[in-house]
Each structure stands twice: as structure tokens, then as C-alpha cells.
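Trainee:
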Amino acid sequence: MRLTTRLRRYTELARGVLRGHPGARIASGVRMGGPGTYELARGSHLQKGARLWVGPGATLRLARGSAIGPRSTVNVESGLTIGEGTRISWEVQLLDTDFHRITRTDGAVLPHTAPIAIGSRVLIGTGAMVLKGVTISDGAVVAAGSVVTRPVGPGEIVGGNPAKRLGEAAAWD
Numbered sequence: 026m027r028l029t030t031r032l033r034r035y036t037e038l039a040r041g042v043l044r045g046h047p048g049a050r051i052a053s054g055v056r057m058g059g060p061g062t063y064e065l066a067r068g069s070h071l072q073k074g075a076r077l078w079v080g081p082g083a084t085l086r087l088a089r090g091s092a093i094g095p096r097s098t099v100n101v102e103s104g105l106t107i108g109e110g111t112r113i114s115w116e117v118q119l120l121d122t123d124f125h126r127i128t129r130t131d132g133a134v135l136p137h138t139a140p141i142a143i144g145s146r147v148l149i150g151t152g153a154m155v156l157k158g159v160t161i162s163d164g165a166v167v168a169a170g171s172v173v174t175r176p177v178g179p180g181e182i183v184g185g186n187p188a189k190r191l192g193e194a195a196a197w198d
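Laid out in C-alpha cells, this is it:
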């Protein structure tokens, strides 16, 4: 391993310790805001320029071996769980809230937030958006630029806006 790579890794681990998450790697330019709870497991990684907000009473859980990519945006008002070995590419948005309340003409207020659950060994491509209430099962693959509004089954490949089933994945590297 090159010296600069090793130094960067140690610096990211030091940031994790300083922010109260020993064993988690936090790259430069990562912004972690909000009064909520961050549970970053040992071996998890927040990459350069990721922006995260966890609201009051909400929790973001990032499991061992998982990474949130560079310049990604994460807004958590209910809860977000990301399983082991999951890779979230760059400029992905994970939004468990609409940021506003919508009232129908009959006076009913629609729910504006619902937790997101992302399983283990999931791959989410560049520029994808995962919206409130979505569950993405183990081994699934979300294509770049997709907008996920519905549950994704185990090993399922989805893509498009809105994301639709494209096939099955046996594995990904």
C-alpha cells in the first residue's frame, strides 16, 4: 500500500475516533449534522464530501464494510439502516422525508416521512435516489440514475424513473 494511501486511511480512522465512531473511516469534507443518532460500525466508510443530516429522534445505522460514496446526500427524519458490505456510489441521495407536509383536498395530511432499510451486499449506482419508506433487500442492484419509490426484492436489479425490475443478480464486484 502506498504511503499516501496509508496516511489517508489513518487520517480517516482518526476522524472517526474524534467524532465518536472508533473504527469507522470518515473522509475529508464529510458533514454530519442534526441532533439524531449516528451508529457507524467499525469498518464502515463515509467518503469525501458526503453530507448527512439525522433529525431529532432518528437514527442512521451503517453496518460493517458498508460505504456511502463521495458527494452523496443523506437526510434522515425517521430512520435509515444500511446492511453489511453495501456500496453506495457517488452523488446518491437517500431521503426518508419529503421535507414538507401535503394536505389533500379532503383535509387528510399525507405522511411525509418513513424509514428506509437497505440490506446487505446491495449496490446503488451513481446519481440514484432512494425515497421514503423503501426497503431494498439483500444482494439487490440499483442502476445509476434510478429513482427508487417501491420495495426491491433480494438479488433484484432495478433501474429507471421510477425504478422497475430489469433482472436478477447472482453477485456483483
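Taking this note's numbering, the leading residue of the sequence shown gets 26, the next gets one more, and so forth.
We put the CB at the ideal spot given by N, CA and C, even for glycine.
Keep in mind that this is a model prediction, so the values were computed, not measured.
Nearest to leucine 14 by alpha carbon, out of Leu156, Arg112, Ala49 and Pro140?
Mentor: Residue 14 falls outside the range modelled here, since the chain spans only 26 to 198, and no answer is possible.
Trainee: What does the alpha-carbon distance come out to for the pair valine 117 and glycine 74?
Mentor: Rounded to whole angstroms, valine 117 to glycine 74 spans 12 Å at the Cα level.
Trainee: If you reduce the DSSP assignment to three classes, tell me which class arginine 146 lands in.
Mentor: Three-state result, arginine 146: coil.
Trainee: Do the region 93–107 and the region 121–129 meet, that is, are 3 or more Cβ pairs less than 8 Å apart?
Mentor: The region 93–107 vs the region 121–129: in contact.
Trainee: Using only alpha-carbon positions, find the residue among Gly108, Gly178, Gly82 and Pro81 that is nearest to alanine 92.
Mentor: When only C-alpha atoms are compared, the closest one is Gly108.
Trainee: Which term fits isoleucine 149, buried or exposed, when burial requires 16 or more other beta carbons within 10 angstroms of its beta carbon?
Mentor: Flag for isoleucine 149 reads buried.
Trainee: Using beta-carbon positions only, say whether valine 167 and valine 159 come within less than 7 Å of one another.
Mentor: Against a cut-off of 7 Å, the Cβ pair of valine 159 and valine 167 comes out as no contact.
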